[in-house]
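Chains as they are written, first to last, in our numbering: chain A, 2 to 235; chain B, 15 to 242.
The following block contains the structure:
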């Protein structure tokens with residue numbers, strides 16, 4: 002038996018692929034995550050909802066969830082796969098009106114259909130920006146926020162990716178209408194994210210049963226990659 | 015049968031291939047590319063706030079104002095900045111009234127540097143995350159800007175946000191908030207290709223002081239922009 006020294010090389014992602022020497026530090030092969038490589042290749046997208054200091058009021062009529070009126074809709078067309086990387090929501094919770102009041106966040110997936118042709122009349126059209134900031138435009142996803150009228154096709158809640166609920170009750174003999182809520186944030190940043198193959202929809206909601214409504218900000222990082230990267234796998 | 019001894023090149027100038035290493039039970043040892051960049055001296059750290067004295071946030075010391083970031087990291091043309099970890103901690107003051115609020119925001123202007131100078135705020139000298147390396151950060155970093163920023167950052171997109179609202183039973187004055195802090199440490203960071211700016215704000219309807227720590231890579235953009 003003989004031993005052959007083999008210096009490792011791999012083909013680069015550049016337009017004219019070249020063989021690149023693989024590198025090591027103290028005997029450790031230096032590697033990069035496949036998802037990070039997709040971001041470097043320009044397939045990561047960033048969306049934010051809410052203004053500098055003004056959040057978006059959640060809920061159907063400004064209060065509880067309405068499945069037809071998400072606060073975020075990401076339509077994923079056929080041929081594209083969406084991988085949610087990071088979804089962060091921060092609420093400005095309101096006065097409690099009564100014991101058992103609640104505020105909620107939810108992120109859902111409709112795994113079979115996109116929602117609507119957005120007009121901008123009852124929602125805000127969002128333009129995703131690339132996570133590699135020298136790349137401009139070209140996101141294959143259609144994104145809208147702050148839906149205030151029912152979308153044409155109600156999303157089917159195929160799966161929930163995340164839910165966060167806070168209830169409200171005052172243990173002392175006081176009036177719940179003048180009572181303090183804690184901070185109410187939620188971060189969905191899965192270690193092993195789902196791969197949502199279009200046609201499909203990613204939705205996010207927030208709301209409350211309190212008449213004053215519940216407003217929040219949101220920042221979203223996701224990948225949009227060609228589905229052919231995945232669907233040929235067995 | 016032929017055994018292959020796998021080797022890879024080091025990063026040193028003129029380096030030849032070295033043997034890759036394994037644990038005794040056969041696991042190949044690997045290192046993260048971002049960690050390798052830190053090891054090579056591309057990682058930087060900056061701190062905002064003194065040992066026990068925070069920076070008062072907001073425009074006139076109160077609510078957040080786009081022209082008055084508490085931290086800007088200006089990424090010049092030819093450099094790409096990768097935010098690794100940004101932590102902000104507020105010292106929330108006594109409240110004045112119900113519905114007082116306090117916020118933290120991390121944003122990116124993806125198209126320009128502000129061109130801020132020392133007169134606009136406090137010049138910060140980033141330290142290398144490999145501590146044997148002295149100065150030389152390619153990015154200009156300033157803190158506590160007070161309205162004279164040469165170019166107001168455009169809020170292309172937000173990376174993270176934190177908001178706190180207060181209400182109490184009875185008198186809201188002289189009431190204590192709960193803690194408020196924000197840690198942005200993404201599993202998959204963005205690549206901010208210069209010219210661009212990362213800006214961090216905090217503030218509130220009552221004056222709010224805060225501290226911040228930012229760790230980031232600054233790498234040549236050619237490592238990024240040639241990829242397709």
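For every residue, glycine included, the Cβ atom is placed at its ideal position computed from N, Cα and C.
1) Consult DSSP for residue 126 of chain B and reduce its assignment to one of helix, strand or coil.
2) Starting from residue 23 of chain A, trace the beta strand (DSSP E) in both directions and tell me its first and last residue.
3) At a Cβ threshold of 8 Å, is residue 32 of chain B touching chain A?
4) Indicate whether the contact test is met: 3 or more Cβ pairs, each with one atom in the stretch 15 to 22 of chain A and one in the stretch 222 to 231 of chain A, closer than 8 Å.
5) Could you have a look at residue 232 of chain A and say whether DSSP puts it in helix, strand or coil?
6) What does residue 216 of chain B touch in chain A if you count any residue whose Cβ is under 7 Å from its own?
7) Find the residues of chain A that neighbour residue 169 of chain B, judging by a C-beta separation of less than 8 Å, and give them in chain order.
8) Strictly under 8 Å for the Cβ-Cβ distance: is residue 75 of chain A near chain B by that measure?
9) Assuming residue 128 of chain B and residue 167 of chain B make a contact with CB atoms under 8 Å, what is their CB distance in whole Å?
10) Quick one: which chain B residues come within Cβ less than 9 Å of residue 70 of chain A?
11) Using only CA atoms, which one of A:215, A:201, A:162 and A:166 lies nearest to residue 192 of chain A?
12) May I ask you to list the residues that DSSP assigns as paired with residue 7 of chain A?
13) Along the chain, where does the beta strand (DSSP E) that runs through residue 93 of chain B open and close?
14) How about residue 210 of chain B and residue 121 of chain B: do their beta carbons lie closer than 8 Å?
15) For the beta strand (DSSP E) containing residue 146 of chain A, name the first residue and the last one.
16) Using the rule of at least 16 other Cβ atoms within 10 Å of the residue's Cβ for burial, across every protein chain shown, is residue 126 of chain A buried or exposed?
17) Please classify residue 116 of chain A as buried or exposed, where buried requires at least 16 neighbouring CB atoms within 10 angstroms.
18) Can you give me the Cβ contacts of residue 164 of chain B inside the same chain, cut-off strictly under 8 Å, excluding the 5 residues immediately before and after it?
19) Sorted by chain position, which residues of the same chain lie with C-beta nearer than 6 Å to residue 85 of chain A's C-beta, five sequence neighbours on each side aside?
20) On the DSSP bridge list, what partners appear for residue 83 of chain A?
21) Measure the alpha-carbon distance for residue 156 of chain B versus residue 87 of chain B and round it to whole angstroms.
22) Kindly indicate which residue of B:235, B:238 and B:197 has the alpha-carbon position closest to the one of residue 104 of chain B.
23) Residues of the stretch 16 to 30 of chain A with a CB closer than 9 Å to any CB of chain B: list them in chain order, please.
24) List, in chain order, every chain B residue whose beta-carbon is nearer than 8 Å to that of residue 109 of chain A.
25) How close, in whole Å, do the beta carbons of residue 22 of chain B and residue 23 of chain A come, if the pair is a contact with beta carbons under 8 Å?
26) Where does the unbroken beta strand (DSSP E) through residue 163 of chain A begin, and where does it stop?
27) Who are the neighbours of residue 4 of chain B on chain A, taking C-beta pairs under 8 Å?
28) What does residue 89 of chain A touch in chain B if you count any residue whose Cβ is under 7 Å from its own?
29) Return the Cβ separation of residue 226 of chain B and residue 100 of chain B in integer angstroms, given the expectation that the two are a contact with Cβ distance under 8 Å.
30) Does DSSP put residue 38 of chain A in a helix, in a strand, or in coil?
31) List the residues of chain B whose Cβ lies closer than 8 Å to the Cβ of residue 5 of chain A, in chain order.
32) Which of the residues in the stretch 212 to 224 of chain A, read from start to end, lie with their CB under 8 Å from any CB of chain B?
33) Is the distance from the Cβ of residue 144 of chain A to the Cβ of residue 123 of chain A below 8 Å?
34) I want to see whether chain A comes within less than 8 Å of residue 44 of chain B, judged by CB atoms only; does it?
35) What does the alpha-carbon distance come out to for the pair residue 65 of chain B and residue 63 of chain A?
36) Are the CB atoms of residue 91 of chain A and residue 215 of chain A nearer to each other than 8 Å?
According to the data block:
1) coil
2) Where residue 23 of chain A is concerned, there is no enclosing beta strand (DSSP E), given that its DSSP letter is neither H nor E.
3) yes
4) no
5) helix
6) Under the 7 Å cutoff, chain A gives no residues; its nearest Cβ is about 12 Å from residue 216 of chain B.
7) 53
8) no
9) 6 Å
10) Within chain B, no residue comes near residue 70 of chain A; the closest Cβ sits about 22 Å away, beyond 9 Å.
11) A:162
12) B:20
13) 93 to 105
14) no
15) 143 to 146
16) exposed
17) buried
18) 128, 129, 130, 131 and 134
19) 194 and 223
20) A:197 and A:225
21) 7 Å
22) B:197
23) 16, 22, 23, 24, 25, 26, 27, 28, 29 and 30
24) Residues of chain B passing the Cβ test: none, with the nearest at roughly 22 Å.
25) 4 Å
26) 160 to 168
27) Residue 4 of chain B is absent from the structure shown; chain B starts at 15 and stops at 242.
28) 174
29) 7 Å
30) helix
31) 16, 17, 18 and 19
32) 218, 220 and 222
33) no
34) yes
35) 44 Å
36) no
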